[in-house]
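Heads up: the structure comes next, in structure tokens.
Residue numbers (this note's numbering): 168 to 441.
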């Protein structure tokens with residue numbers, strides 16, 4: 168979906184109220200990344216359509232509990248959901264759980280004509296669409312492992328890694344481990360700028376804010392165009408912590424966002440922890 172040019176509303180149709188919520192995915196195993204890093208070609212991109220389920224039982228339970236709490240604040244007579252997600256499995260699985268909880272509570276979920284990817288269609292049964300603006304775009308999977316905490320760094324098949332990537336990884340890991348912040352997101356937020364100095368393709372919190380986060384507010388117009396009645400449209404956008412850190416720090420004073428934590432994006436593109 169291109170969210171830079173929203174569809175046109177029908178003339179004379181009153182625009183329904185729209186709220187936008189960003190929700191980080193639930194606790195995950197990150198098994199798809201671990202498999203890629205230990206594969207014959209660890210630097211290559213992951214095949215989105217061949218991902219395996221990524222939420223463990225604890226992650227499923229966490230999402231179910233958070234979804235029940237979130238949905239309890241909505242009214243079937245007044246609210247509908249418009250659900251979009253990153254194309255990563257853990258985000259899609261989390262979105263699907265929220266959809267199931269919403270439907271069980273009698274909340275309408277708007278169906279998408281296109282779901283972005285086949286895996287999104289399979290998991291969400293047409294009720295969730297994967298968006299590039301919510302997805303991760305790490306070209307080299309080894310670079311993504313730079314910011315892992317020591318306890319959550321999977322084995323990497325360095326026999327399949329170029330000498331340059333090996334050297335860059337060692338140098339970058341030294342930076343991260345010298346001031347390790349306890350989570351991937353906190354390490355990325357603190358050290359991405361320094362790592363970018365010798366890995367030019369590395370994104371930073373600021374660059375991701377410009378290229379991904381700012382466009383999320385435009386989801387409101389798409390959601391309005393898809394709504395068939397006068398109910399309030401609640402956009403649920405499921406994704407990751409890396410592109411939210413800069414905005415969260417600016418708007419709330421803290422860059423971190425916990426698993427299944429929700430933040431609301433207001434009309435001025437400002438974030439409020441929900």
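The beta carbon of each residue, even a glycine, is placed where N, CA and C say it ideally should be.
- Comparing C-alpha distances from residue 294 to each of 306, 305 and 280 shows the shortest one belongs to 280.
- For residue 249, the pairing in a beta bridge is given by DSSP as 402.
- DSSP places residue 195 outside both helix and strand once states are collapsed to three, so it counts as coil.
- With contacts defined by Cβ atoms closer than 8 Å, residue 431 and residue 274 do not form a contacting pair.
- Distance check between residue 235 and each of 342, 427 and 438 places 427 closest, using alpha-carbon atoms only.
- If you check the CB distance, residue 202 and residue 260 do not come in under 8 Å.
- One thing to note: residue 256 has its Cβ no nearer than 8 Å to the Cβ of residue 212.
- Residue pairing by DSSP puts residue 275 in a beta bridge opposite 247.
- Residue 296 carries a strand assignment under DSSP once its states are collapsed to helix, strand and coil.
- Under the DSSP assignment, residue 390 falls outside any beta strand (DSSP E), being part of the alpha helix (DSSP H) whose first and last residues are 386 to 393.
- Along the length of the segment 307 to 393, whole alpha helix (DSSP H) runs at least 4 residues long occupy 308 to 311, 330 to 345, 351 to 363, 372 to 378 and 386 to 393, reported in chain order.
- Rounded to whole angstroms, the gap between the alpha carbons of residue 409 and residue 282 is 23 Å.
- For residue 230, the enclosing alpha helix (DSSP H) covers residues 224 to 238.
- Taking residue 362 as the centre and dropping the five residues before and after it, the same chain places the C-beta of 339 and 369 closer than 6 Å to its C-beta, in chain order.
- By the neighbour-count definition (other C-beta atoms within 10 Å, threshold 16), residue 315 is a buried residue.
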